[in-house]
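In my numbering, the protein residues as written are 63 to 368.
1) In three-state DSSP terms, what is residue 190?
2) Report the option in 219, 252, 249 and 202 whose CA atom is closest to the CA atom of residue 231.
3) Considering Cα atoms alone, identify which of 282, 125, 118 and 157 is closest to residue 107.
4) Considering just the uninterrupted stretch of the alpha helix (DSSP H) at residue 257, what are its terminal residues?
5) According to the Cβ coordinates, are residue 94 and residue 245 closer than 9 angstroms?
6) What does DSSP give as the partner residue(s) for residue 106 in the beta ladder?
7) For residue 88, count the other beta carbons within 10 Å of its own beta carbon; 16 or more makes it buried, fewer makes it exposed. Which is it?
8) Report the CB separation of residue 185 from residue 122 in whole angstroms; it is logged as a contact under 8 angstroms.
9) So, are the CB atoms of residue 247 and residue 145 less than 9 angstroms apart?
10) Once you ignore the five residues that flank residue 259 on each side, which residues in its own chain have a CB closer than 7 angstroms to its CB?
11) Here's the rule I'm using: 16 or more other beta-carbon atoms within 10 Å means buried, otherwise exposed. How should residue 236 be labelled?
12) With C-beta atoms as the reference, is residue 175 less than 9 angstroms away from residue 197?
13) May I ask you to report which of helix, strand or coil DSSP gives residue 248?
14) Grab the span of the alpha helix (DSSP H) containing residue 283 for me, first residue to last.
15) Could you check where the beta strand (DSSP E) with residue 267 kicks off and where it finishes?
16) Locate the beta strand (DSSP E) running through residue 292, then write down its first and last residues.
17) Hey, residue 152 and residue 194: beta-carbon distance below 9 angstroms or not?
18) Between 363, 354, 238 and 279, which has its C-alpha nearest residue 315's C-alpha?
19) So the candidates are 143, 266, 218 and 214; which of them puts its Cα closest to the Cα of residue 172?
20) Can you name, in chain order, every residue of its own chain whose Cβ lies under 6 angstroms from the Cβ of residue 320, other than the five neighbours on each side?
21) Taking the continuous beta strand (DSSP E) assigned at residue 310, which residues delimit it?
22) Can you tell me whether residue 340 is helix, strand or coil according to DSSP?
23) Can you tell me where the alpha helix (DSSP H) holding residue 150 begins and where it ends?
24) Take the Cβ of residue 164 as the centre, count every other Cβ of all protein chains shown within 10 Å, and call the residue buried at 16 or more, exposed below.
25) For residue 311, tell me which candidate among 118, 160, 353 and 238 has the shortest Cα-Cα distance.
26) Mapping the DSSP letters down to three states, classify residue 227 as helix, strand or coil.
27) Please name the residue in 250, 229 and 178 whose C-alpha comes closest to that of residue 329.
28) For residue 293, count the other beta carbons within 10 Å of its own beta carbon; 16 or more makes it buried, fewer makes it exposed. Which is it?
29) Rounded to the nearest angstrom, how far is the Cβ of residue 229 from that of residue 262, given a contact under 8 angstroms?
30) Please classify residue 319: does DSSP put it in a helix, a strand, or coil?
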């Protein structure tokens with residue numbers, strides 16, 4: 063082999079190596095901590111943007127966890143990102159200014175809703191978020207703020223709202239949100255968050271809550287649904303081992319501009335979103351017959367554009 067043939071062979075090998083490198087799949091996710099100015103102060107959020115090299119607008123999912131602490135911790139505890147079977151959404155985990163989300167109305171709640179508005183505008187202005195596919199996911203006290211943000215608006219129509227183990231504050235009883243997909247997961251027997259409404263206790267604070275079915279009816283009205291509600295029991299499943307079979311119902315309306323659902327858990331085990339059982343013999347939810355709230359919420363959001 064002469065010099066030029068050898069050089070061509072080396073170049074071909076390098077090109078093949080480069081081609082194989084760029085053919086490798088992109089990392090599952092790329093997380094970064096975002097800082098923006100909102101309300102005159104610096105606010106922070108953990109952001110997960112997958113397939114960053116593809117410049118296209120995609121759904122934006124704002125995840126509000128109880129406490130609203132550091133975004134890295136919130137991400138580990140979210141649950142929904144782990145089971146998302148697509149690279150489309152941008153997941154945003156906002157951090158509360160004082161470490162907790164406010165349950166009651168007032169200046170702090172208004173400040174935090176403004177922060178969510180500014181996050182939405184940031185990613186729309188960056189050209190990566192689809193202004194027609196903005197979703198709110200709230201758990202516990204994060205669900206309370208998600209309700210407030212859905213009612214107040216985020217400057218853009220909210221495409222979907224999901225709450226888990228939370229309640230809609232009674233002061234939002236006259237809320238008239240834009241039509242949006244809505245799903246809520248509630249425990250019928252939770253003494254802290256009464257299914258029938260009343261005093262709800264989250265952490266060290268309390269607030270007056272609407273009945274879970276009242277919140278469902280409010281969003282059904284906003285979505286122009288028919289008057290008839292359908293209550294469908296959970297499909298029967300064989301439990302594995304000694305695990306309990308979950309019992310409950312999915313409540314929904316028909317004829318809606320966007321679907322509305324209330325998932326009521328009456329008895330049996332359930333998979334608390336973001337909970338990862340330690341190695342103590344507790345079987346995973348998928349193997350035990352438990353209800354996986356995170357998966358149910360993700361499947362609902364995915365059906366509605368997420």
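Where is the CB? At the ideal position from N, CA and C, for every residue including glycine.
Looking at the coordinates:
1) Reduced to three states, the DSSP call for residue 190 is coil.
2) When each option's Cα is compared against that of residue 231, the closest is 202.
3) Nearest option by C-alpha distance: 157.
4) Here residue 257 belongs to no alpha helix (DSSP H), and DSSP marks it neither H nor E.
5) Not closer than 9 angstroms, so no.
6) The secondary-structure analysis by DSSP pairs residue 106 across a beta bridge with 97.
7) Its pLDDT being 37, under 50, residue 88 is placed unreliably by the model, and the measurement read from it follows with that caveat. It counts as exposed.
8) Contact flag correct, Cβ pair sits at about 6 angstroms.
9) No.
10) Contacts found: 271, 272, 273 and 276.
11) It is exposed - the Cβ of residue 236 has fewer than 16 other Cβ atoms within 10 Å.
12) No.
13) DSSP places residue 248 in the strand class (E or B) of the three-state scheme.
14) Looking at the DSSP string, the run of the alpha helix (DSSP H) that includes residue 283 is 274-284.
15) Residue 267 -> beta strand (DSSP E) spans 267-271.
16) Unbroken beta strand (DSSP E) run through residue 292: 291-295.
17) In this structure, residue 152 lies away from residue 194, with their beta-carbon atoms at least 9 angstroms apart.
18) Comparing alpha-carbon positions, the option among 363, 354, 238 and 279 lying closest to residue 315 turns out to be 279.
19) For the residues 143, 266, 218 and 214, the minimum Cα distance to residue 172 belongs to 214.
20) Correct list, in chain order: 241, 242, 243 and 285.
21) Residue 310 -> beta strand (DSSP E) spans 309-315.
22) Because residue 340 sits at a pLDDT of 32, beneath the cut-off of 50, its placement in the model cannot be relied upon, and the point is left open.
23) First-last for residue 150: undefined, no H or E at that position.
24) Residue 164 counts as buried, since at least 16 other C-beta atoms from the protein chains shown sit within 10 angstroms of its C-beta.
25) From the listed residues 118, 160, 353 and 238, the smallest Cα separation to residue 311 is found for 353.
26) In the three-state scheme derived from DSSP, where H, G and I count as helix and E and B as strand, residue 227 is classed as coil.
27) Cα-wise, what sits closest to residue 329 is 250.
28) Residue burial is scored here from C-beta neighbours: residue 293 has fewer than 16 other C-beta atoms within 10 angstroms and is therefore classed as exposed.
29) 5 angstroms between Cβ atoms; contact.
30) Here residue 319 carries a coil assignment [DSSP, helix/strand/coil].
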